[in-house]
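Peer 1: Position one of the sequence shown corresponds to residue 1229 (this note's numbering), numbered consecutively onward. Glycine is no exception: its CB is placed at the ideal position from the N, C-alpha and C atoms.
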Amino acid sequence: MPLAAEVWEKQITADGFLYHLSSVTFYTDSLLEGHHCGGICKFLVMNARVLKRMSIVYHHSQVKPEHAAKLEADRRELRLWPRASADVLLELTPVDRFPWF
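Quick look at the structure:
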């Protein structure tokens, strides 16, 4: 079950963690609404004070044509997330295959 950003606030209690994370990459096989990646990604963008770059890499063959509009909406939503670090770069990137294959 996907967890909202508010849930992660209660789960992540590591001292200083949010003050040291500068770059993170998530690899996901789905960008459908409610996917587990969304909550933790949003939480980190909203709370990681020195975050410079967050990449969400997805396998583009998993995105069906009927989901193309949703993908574009996801891109627009990423730009609207409140950010703890004003200069964080958020990337949503399609790949043909993940690097470990």
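1) Which residue marks the beginning of the beta strand (DSSP E) containing P1322, and which one marks its end?
2) Return the chain-ordered list of same chain residues with a C-beta closer than 7 angstroms to the C-beta of R1303, the five sequence neighbours on each side being excluded.
3) Check this for me: beta carbons of V1316 and K1270, under 9 angstroms apart or not?
4) If we count the other Cβ atoms within 10 Å of its Cβ and call it buried at 16 or more, is S1313 buried or exposed?
5) Where does F1245 sit, in a helix, a strand or coil, going by DSSP?
6) To the nearest whole angstrom, what separates the beta carbons of F1326 and I1284, a pair I think is in contact under 8 angstroms?
Peer 2: In terms of the structure at hand:
1) For P1322, the enclosing beta strand (DSSP E) begins and ends at L1317 to V1323.
2) Contacts found: L1320.
3) Cβ distance not < 9 angstroms, so V1316 and K1270 don't count as in contact.
4) Flag for S1313 reads buried.
5) Three-state DSSP puts F1245 in a helix.
6) The C-beta distance from F1326 to I1284 rounds to 13 angstroms, too long to meet the 8 angstroms contact threshold.
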